[in-house]
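Undergrad: The sequence shown begins at 1 in UniProt numbering and counts up one residue at a time. We put the CB at the ideal spot given by N, CA and C, even for glycine. Structure in structure tokens, see below.
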Amino acid sequence: MTTYHPLTTSPAGTPVLLIDTQAPLRLLHETAYARIRAGTAQLETLTSVTVRNIDDADLYRLTNGAYLLLQDGLDILDRIQFRLPLETPSQA
Numbered sequence: 001m002t003t004y005h006p007l008t009t010s011p012a013g014t015p016v017l018l019i020d021t022q023a024p025l026r027l028l029h030e031t032a033y034a035r036i037r038a039g040t041a042q043l044e045t046l047t048s049v050t051v052r053n054i055d056d057a058d059l060y061r062l063t064n065g066a067y068l069l070l071q072d073g074l075d076i077l078d079r080i081q082f083r084l085p086l087e088t089p090s091q092a
């Protein structure tokens, strides 16, 4: 397994943001949690405001920011899952 894994949200052909797959699981989890929490907070904000007259560009900026945070969090969780031991049916 390579030490660094690119985030899937890279808009460029060559990724510049990478996950250190060998970082302690606790740090990976904290980072994923922070991004997912921030992304969901942005989306929760949208549910509490009237978006009837919102500009399309503003709505895009809010949802795109939430998407980037949530996808980064999911990418990190995917890397965590690769490092967790597999459960056998008797352990489930």
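Going by DSSP, what residues sit across from Leu18 in a beta bridge?
TA: Position 18 of the sequence shown, counting from 1, holds the residue named residue 18. Beta-bridge pairing links Leu18 to Pro6.
Undergrad: Compare the C-alpha of Tyr4 against each of Leu62, Ile80, Leu86 and Leu84 and name the closest.
TA: The sequence position of residue 4 within the sequence shown is 4, counting from 1. It is Ile80.
Undergrad: Would you call the region 25-36 and the region 49-64 in contact, with 3 or more CB pairs under 8 Å?
TA: no
Undergrad: To the nearest angstrom, how far is it from the Cα of Ala23 to the Cα of Ile54?
TA: As a first step, residue 23 must be located in the sequence shown, where it is residue number 23. As a first step, residue 54 must be located in the sequence shown, where it is residue number 54. The alpha-carbon atoms of Ala23 and Ile54 are separated by roughly 41 Å.
Undergrad: Assuming Asp56 contacts Leu7 (C-beta within less than 8 Å), just tell me the rounded distance between them.
TA: As a first step, residue 56 must be located in the sequence shown, where it is residue number 56. As a first step, residue 7 must be located in the sequence shown, where it is residue number 7. Their Cβ separation, rounded to whole angstroms, is 26 Å, which puts Asp56 and Leu7 out of contact at 8 Å.
Undergrad: Taking the CB atoms as reference points, tell me whether Gly39 and Ala66 lie closer together than 8 Å.
TA: Here residue 39 refers to the residue found at position 39 when the sequence shown is read from its first residue. Here residue 66 refers to the residue found at position 66 when the sequence shown is read from its first residue. A contact, by the Cβ cut-off of 8 Å.
Undergrad: Report the three-state DSSP secondary structure of Gly39 (helix, strand or coil).
TA: Looking up residue 39 in the sequence shown gives position 39. DSSP places Gly39 in helix when its eight states are reduced to three.
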